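What follows is one structure encoded as structure tokens, with my remarks underneath.
Number of protein chains: 2
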Amino acid sequence: MAVYTEVSDEALDAFLDDYDIGELVAFRGIAEGVENSNFSLRTTRGDYILTLYEKRVDPAELPWFLGLMEHLATHGLTCPLPVHGRDGQALRQLCGRHAAITTFLPGVWPRHVRLAHCGPVGEALARLHLAGAGYAPTRRNALGPQGWSPLLERSLPGADEVQPGLGTELRQALDGILAQWPQNLPVGHIHADLFPDNVFFLDQRLSGLIDFYFAATDILAYDLAVCLNAWCFEPDLSFNVTKARAMGHAYAAVRELSAAERAALPVLCQGAAIRFALTRLYDWINTPPGALVTRKDPVEYIRRLRFHLAARDEHAYGL
Amino acid sequence: MAVYTEVSDEALDAFLDDYDIGELVAFRGIAEGVENSNFSLRTTRGDYILTLYEKRVDPAELPWFLGLMEHLATHGLTCPLPVHGRDGQALRQLCGRHAAITTFLPGVWPRHVRLAHCGPVGEALARLHLAGAGYAPTRRNALGPQGWSPLLERSLPGADEVQPGLGTELRQALDGILAQWPQNLPVGHIHADLFPDNVFFLDQRLSGLIDFYFAATDILAYDLAVCLNAWCFEPDLSFNVTKARAMGHAYAAVRELSAAERAALPVLCQGAAIRFALTRLYDWINTPPGALVTRKDPVEYIRRLRFHLAARDEHAYGL
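These protein sequence lines are chains E and G, in that order.
First residue of the first sequence: 1, per the UniProt record's numbering; consecutive thereafter.
First residue of the second sequence: 1, per the UniProt record's numbering; consecutive thereafter.
Given below as structure tokens:
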């Protein structure tokens with residue numbers, strides 16, 4: 001749930017004057033997303049999303065994110081298109097925050113993941129990877145493998161309070177993952193956070209992808225590993241290989257997966273699981289009890305990690 | 001910020017099958033309102049609000065609220081109109097909660113109250129009072145004068161932790177207010193919670209009133225007293241009599257205020273201030289620190305109360 005910054009009507013009116021998108025009709029905070037403040041904005045011209053970037057986003061990186069979204073949206077992917085102001089700028093200032101308006105995407109994100117969702121997600125992810133190829137600027141993945149050891153170090157003092165033995169388990173797993181991390185797989189722009197709440201469906205069809213603020217330039221197959229973690233475990237944390245097969249096959253039908261990429265799936269999935277386990281653990285330990293942010297349980301991702309550590313090869317993922 | 005209940009896509013689809021309002025296009029949680037879960041719902045037919053009633057609302061009272069809204073909306077007031085299902089029912093069940101769909105109102109609530117807002121609010125309040133006259137069922141105001149002493153008793157043990165001497169101050173003030181409380185003023189249906197976030201404006205004009213879930217049958221002029229408290233104090237808690245005059249005159253131009261109603265304004269304003277001071281105090285003391293609800297500072301209303309206790313007569317309010 002996220003509206004961290006209150007936007008006054010005067011400030012909003014002045015802000016909209018810098019755009020050629022018609023007159024204000026409605027403006028409501030959206031109770032979704034955890035990093036930024038999002039508002040549903042309607043004008044006489046149509047529907048938009050206004051995002052105010054809060055402090056966890058580095059302002060220096062915003063042009064890269066907005067540029068990627070614009071590139072993807074104009075290269076066949078359905079994702080929010082940044083709207084330029086009268087001066088040509090998409091990134092502006094509002095209420096002391098960096099802010100941008102993007103187009104509104106219809107659709108509903110799936111609260112319960114069904115098998116029928118997983119193929120379309122794999123296909124859309126592959127299309128994103130292909131469409132991103134023409135976007136020249138790169139962004140280092142701050143939450144990629146180089147970031148995991150520092151994250152673990154900062155969480156170790158509190159880890160065993162979350163679960164006894166957790167610190168040792170994570171340290172051992174991370175050492176193994178980093179030792180085996182693949183070095184020569186194809187790299188490109190990845191979403192890096194394509195969870196169900198970032199994928200809209202309409203009439204059983206995927207209608208758009210949102211929230212590119214973790215996107216980065218990294219191993220493409222790692223993005224598939226993130227999705228296998230996010231979409232293919234059941235609520236009881238059992239792994240649904242049928243969902244994984246549907247996702248992987250749909251991905252590979254659009255962008256072929258090499259033998260090396262397939263073989264690396266277990267360690268890539270381990271990496272994706274430990275990445276979310278570590279950020280959740282860090283937030284769990286460092287979120288004050290009174291904060292307005294719901295903390296997510298890191299243990300869910302530690303259980304996923306254990307599954308992937310036991311996976312022998314790509315067959316564990318139906319590939 | 002309020003989405004307490006997660007609605008699955010399957011449950012939503014099944015729920016919408018009971019309505020003749022077209023096919024689902026978009027569905028987002030709204031980060032506004034503190035009592036219920038609200039969602040912005042778009043279908044191929046138009047825009048709606050879906051509300052899930054959470055536990056603070058007594059289900060037995062929901063038909064009264066929805067009936068009042070329907071009566072007001074069909075008698076010239078711009079407020080959400082409950083949408084009936086195919087079976088004629090507006091009140092239904094979704095995800096174990098009572099739920100209703102209402103029409104969407106365009107507009108933006110004013111984050112900064114300006115003088116230009118106050119006349120339209122007074123006028124709309126008077127129109128609400130006149131339009132409500134034909135709605136026969138009544139609802140006792142649970143947060144009216146009879147409710148204030150029990151609320152104070154339950155808050156007294158923690159009151160002095162909020163501010164030393166607060167318990168005694170509130171007890172003395174409440175005794176005085178109840179002793180002077182007017183008995184023979186005109187009664188009708190009141191909104192009882194017409195704060196800025198419940199009033200939408202569009203192009204400088206009032207475009208609608210929302211959130212009738214504190215509405216009740218009580219002294220009409222008390223509703224004006226609530227609005228004087230909610231709209232006419234500046235952020236530094238100084239009282240802006242120009243705003244009050246604009247509001248009161250606009251009200252009286254639509255529904256005449258009798259001499260008795262005008263004379264009672266100081267005590268009615270004291271009552272309105274202590275009502276919000278007491279509920280905020282109660283919530284302040286009883287909200288666990290980890291709760292996802294922002295606690296509102298009761299002291300703001302105690303300072304308003306002190307202003308009203310010093311008011312000699314209606315001239316203090318520009319009337």
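The C-beta atom is built at its ideal place from N, Cα and C for all residues, glycine as well.
A quick note: this is a predicted structure, and the numbers were derived from the prediction, not measured.
Compute the Euclidean distance between the alpha carbons of residue i and residue j, then round it to the nearest angstrom.
| i | j | result |
| --- | --- | --- |
| E/D313 | G/P110 | 58 Å |
| G/E32 | G/N38 | 8 Å |
| G/L309 | G/D193 | 21 Å |
| residue 396 of chain E | E/A273 | What the structure shows of chain E is the stretch from 1 to 319, and residue 396 of chain E is not part of that stretch, so it cannot be assessed. |
| E/W231 | E/F276 | 14 Å |
| G/T43 | E/L68 | 30 Å |
| E/N36 | G/R86 | 39 Å |
| G/D223 | E/D20 | 41 Å |
| E/L152 | E/L278 | 6 Å |
| E/A26 | E/Q180 | 52 Å |
| G/P266 | E/T5 | 35 Å |
| E/H84 | E/W148 | 36 Å |
| E/M1 | G/G29 | With a pLDDT of 37 at E/M1, under the threshold of 50, the modelled position of that residue is not reliable, and the figure given next carries that caveat. C-alpha separation (whole angstroms): 8 Å. |
| E/A124 | E/P106 | 16 Å |
| E/T78 | E/L202 | 13 Å |
| E/G119 | G/A142 | 53 Å |
| E/A116 | E/G122 | 11 Å |
| G/V299 | G/Q146 | 22 Å |
| E/L170 | E/E234 | 23 Å |
| G/D18 | G/Q89 | 10 Å |
| G/R280 | G/A250 | 29 Å |
| G/L16 | E/G165 | 48 Å |
| G/L257 | G/L174 | 25 Å |
| E/D297 | G/I49 | 31 Å |
| G/P150 | G/L237 | 27 Å |
| E/L24 | E/D9 | 10 Å |
| G/P182 | G/Q172 | 18 Å |
Just checking my contact of residue i with residue j at CB under 8 Å: how many whole Å lie between their CB atoms?
| i | j | result |
| --- | --- | --- |
| E/L72 | E/A14 | About 30 Å; that fails the 8 Å criterion. |
| E/T102 | E/T51 | 7 Å |
| E/A260 | E/L185 | 6 Å |
| G/R304 | G/A126 | Contact flag wrong, Cβ pair sits at about 22 Å. |
| E/G188 | E/A133 | 6 Å |
| G/I190 | G/G271 | That pair is no contact at about 12 Å. |
| E/A264 | E/A311 | With 8 Å as the limit, E/A264 and E/A311 do not qualify as a contact, their Cβ atoms being about 11 Å apart. |
| G/L200 | G/V108 | Looking at the sequence itself, residue 200 of chain G is Phe, so the reference to Leu does not match. G/F200 to G/V108, Cβ: 6 Å. Contact. |
Once the 5 residues before and after residue i are set aside, which same chain residues still bring their CB inside 7 Å of it?
| i | result |
| --- | --- |
| residue 354 of chain E | Only positions 1 to 319 of chain E appear in this structure, which leaves residue 354 of chain E out of reach. |
| E/H98 | Y53, P59, L62 and L91 |
| G/V57 | E35, N36 and Y213 |
| G/R154 | Y282 |
| E/Q93 | A99 |
| G/A11 | L94 and C95 |
| G/L156 | G167 |
| E/F239 | C232, F233 and F307 |
| G/I285 | S155 and G158 |
Ignore the nearest five residues each way along the sequence and tell me which others in residue i's own chain have a CB closer than 6 Å to its CB.
| i | result |
| --- | --- |
| G/V7 | C95 |
| E/V241 | G318 |
| E/D47 | F104 |
| G/F65 | F212 and Y213 |
| E/R262 | E314 and L319 |
| E/S40 | R28 and I30 |
Give every residue of the same chain whose Cβ lies closer than 8 Å to the Cβ of residue i, excluding the five residues on either side of it in the sequence, and list them in chain order.
| i | result |
| --- | --- |
| E/G76 | R127 and A131 |
| E/L81 | M69, E70, A73, T74, T102 and T103 |
| E/R22 | According to the sequence shown, residue 22 of chain E is Gly rather than Arg. Same-chain partners within the cutoff: T43, T44, R45 and G46. |
| G/H129 | G188, H189, I190, L220, D223 and R255 |
Across the stretch 234-249 of chain E and the stretch 206-218 of chain E, are there enough close Cβ pairs to call them in contact, namely three or more that are closer than 8 Å? With a cut-off of 8 Å, the stretch 206-218 of chain E and the stretch 234-249 of chain E do not count as touching, because too few Cβ pairs lie within range.
Using 8 Å as the cut-off, can you tell me whether the stretch 212-222 of chain G makes contact with the stretch 53-66 of chain G, which would need three or more C-beta pairs spanning the two stretches below that distance? They touch, by the three-pair rule.
Assess contact between the stretch 217-227 of chain G and the stretch 121-138 of chain G, defined as three or more Cβ pairs (one per stretch) separated by less than 8 Å. Is contact present? As far as the Cβ criterion goes, the stretch 217-227 of chain G touches the stretch 121-138 of chain G, which means the pair count is three or higher.
Uninterrupted beta strand (DSSP E) stretches inside the stretch 3-82 of chain E (no shorter than 3 residues): For the stretch 3-82 of chain E, the full-length beta strand (DSSP E) segments reaching 3 residues or more read 24-29, 37-43 and 46-53 along the chain.
Determine contact between the stretch 160-171 of chain E and the stretch 182-202 of chain E, defined as no fewer than three beta-carbon pairs at a distance below 8 Å. Note that the stretch 160-171 of chain E does not touch the stretch 182-202 of chain E; fewer than 3 beta-carbon pairs, one per stretch, sit closer than 8 Å.
May I have a chain-ordered list of the beta strand (DSSP E) segments no shorter than 3 residues that lie completely inside the stretch 97-174 of chain E? Listed in chain order, they are 97-103.
Enumerate, from N- to C-terminal direction, the unbroken alpha helix (DSSP H) stretches of 4 or more residues contained entirely within the stretch 260-284 of chain E. For secondary structure counted as the alpha helix (DSSP H) over 4 or more consecutive residues, the stretch 260-284 of chain E holds no complete run.
Taking only runs of the beta strand (DSSP E) that begin and end inside the stretch 201-234 of chain G, which ones reach a length of at least 3 residues, in chain order? Runs found: 205-209 and 216-219.
At a Cβ cut of 8 Å, what residues of the stretch 17-46 of chain G count as close to chain C, listed as they run along the chain? The question asks about chain C, but that chain is absent: this structure's protein chains are E and G.
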